Amino acid sequence: GAVVSQHPSRVICKSGTSVKIECRSLDFQATTMFWYRQFPKKSLMLMATSNEGSKATYEQGVEKDKFLINHASLTLSTLTVTSAHPEDSSFYICSAIPGPNTGELFFGEGSRLTVL
Amino acid sequence: EDQVTQSPEALRLQEGESSSLNCSYTVSGLRGLFWYRQDPGKGPEFLFTLYSAGEEKEKERLKATLTKKESFLHITAPKPEDSATYLCAVRQETSGSRLTFGEGTQLTVNP
């Protein structure tokens with residue numbers, strides 16, 4: 248299957264700082280990438296959909312100014328958690344799809360964010 | 584609203600003890616039902632996609648089936664390395680590429 252790489256896998260930061268997480272599709276071009284958040288023993292919650300070259304579409308209840316998403320190229324999307332607080336601590340997972348509206352999503356390895 | 588319900592929440596099996604996981608869905612215009620495996624601290628790993636009722640797919644000890652209301656993931660003679668959380672997701676015809684996930688079934692296979 249297609250490979251999606253996510254970095255960093257773990258990050259610890261102080262409250263009030265910003266953290267950037269990168270998601271790269273390594274062997275295909277991804278016009279669409281998705282960002283999910285997962286709480287312990289819970290399923291994946293879609294945060295936003297990012298399309299290359301355009302603004303991200305956020306799910307209801309997700310703060311656009313808190314979670315900045317940039318999809319500047321067909322192989323890279325970034326999620327920046329701005330002014331992080333302890334309640335932002337979570338497991339963030341990106342996914343990408345090789346083609347439009349069809350086929351399976353391929354997921355990155357996830358990034359564990361801990362805000363102290 | 585699309586709904587995906589997985590059962591049971593958790594399942595413990597002995598090695599070699601076959602069983603099935605269930606995924607019930609309520610979707611208007613299903614455009615794919617997906618099964619993923621997720622290990623602790625990792626991203627989901629794609630297993631199968633099913634598109635129409637009656638379709639079946641197999642991979643090693645796993646077999647996925649689909650009806651108009653539910654999907655089953657059958658595990659035949661499981662091994663401890665099959666222990667993981669299994670996630671079911673659906674894509675609806677007007678949702679673009681988005682997937683709606685169920686809560687998952689946490690499978691533990693004891694040696």
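First to last, the protein sequences are chains A and B. Going letter by letter, the first sequence gives residues 248 to 363 in our numbering. Going letter by letter, the second sequence gives residues 584 to 694 in our numbering. Cβ atoms here follow ideal geometry from the backbone N, Cα and C, with glycine treated the same way. Predicted model, so just to flag it, every value in this text is computed and none were measured.
For E641 (chain B), does the three-state DSSP call read helix, strand or coil? Residue 641 (chain B) sits at position 58 when you count from the first residue of the second sequence. Shown here, E641 (chain B) sits in a strand according to DSSP, grouped into three states.
I want to know whether the region 656 to 667 of chain B touches the region 265 to 277 of chain A - three or more CB-CB distances under 8 Å. Contact fails: fewer than three Cβ-Cβ distances are below 8 Å.
Out of A:L315, A:E310, A:V309 and A:K288, which one is the CA nearest neighbour of S301 (chain A)? Here residue 301 (chain A) refers to the residue found at position 54 of the first sequence. Among A:L315, A:E310, A:V309 and A:K288, the Cα nearest to that of S301 (chain A) is on A:L315.
With DSSP run on the structure shown, which of helix, strand or coil describes E653 (chain B)? In the second sequence, counting from the first residue as 1, residue 653 (chain B) sits at position 70. Judged by DSSP in its simplified three-state form, E653 (chain B) adopts strand.
How close, in whole Å, do the beta carbons of V587 (chain B) and A667 (chain B) come, if the pair is a contact with beta carbons under 8 Å? Start at 1 with the first residue of the second sequence, and residue 587 (chain B) comes out as number 4. Start at 1 with the first residue of the second sequence, and residue 667 (chain B) comes out as number 84. Between A667 (chain B) and V587 (chain B) the Cβ distance is about 18 Å, and since that is not below 8 Å, they are no contact.
Do the region 647 to 656 of chain B and the region 598 to 608 of chain B make contact, defined as three or more Cβ pairs closer than 8 Å? A contact exists between the region 647 to 656 of chain B and the region 598 to 608 of chain B.
Beta-carbon separation (whole angstroms), F354 (chain A) vs P627 (chain B), contact threshold 8 Å: Taking the first residue of the first sequence as 1, we reach residue 354 (chain A) at position 107. Taking the first residue of the second sequence as 1, we reach residue 627 (chain B) at position 44. Their Cβ separation, rounded to whole angstroms, is 5 Å, which keeps F354 (chain A) and P627 (chain B) in contact under 8 Å.
For T632 (chain B), would you say it is in contact with chain A, using Cβ-to-Cβ distances shorter than 8 Å as the test? Position 49 of the second sequence, counting from 1, holds the residue named residue 632 (chain B). For T632 (chain B), the answer is yes, since a Cβ of chain A falls inside 8 Å of its Cβ.
Cβ-based neighbour list, T322 (chain A), same chain, cut-off 7 Å, excluding 5 preceding and 5 following: The count along the first sequence starts at 1 and reaches residue 322 (chain A) at position 75. Contacts found: R271, S272, Q276 and A277.
Closer than 7 Å, Cβ to any Cβ of chain A: which residues of the region 631 to 661 of chain B, in chain order? Those residues of the region 631 to 661 of chain B that come within reach of chain A (Cβ to Cβ, closer than 7 Å) are T632.
Taking CB distances under 8 Å as the criterion, tell me whether S680 (chain B) reaches chain A. Position 97 of the second sequence, counting from 1, holds the residue named residue 680 (chain B). Yes, because at least one Cβ of chain A sits closer than 8 Å to the Cβ of S680 (chain B).
Use the C-beta contact count for Y619 (chain B): other C-beta atoms within 10 angstroms, 16 or more gives buried, fewer gives exposed. Within the second sequence, residue 619 (chain B) is the residue found at index 36, counting from 1. Label assigned to Y619 (chain B): buried.
Let me check you understand the geometry: is the CB of S330 (chain A) closer than 7 Å to at least one non-hydrogen atom of the ligand FMN? The ligand FMN is absent from the structure shown, which contains no ligands of any kind.
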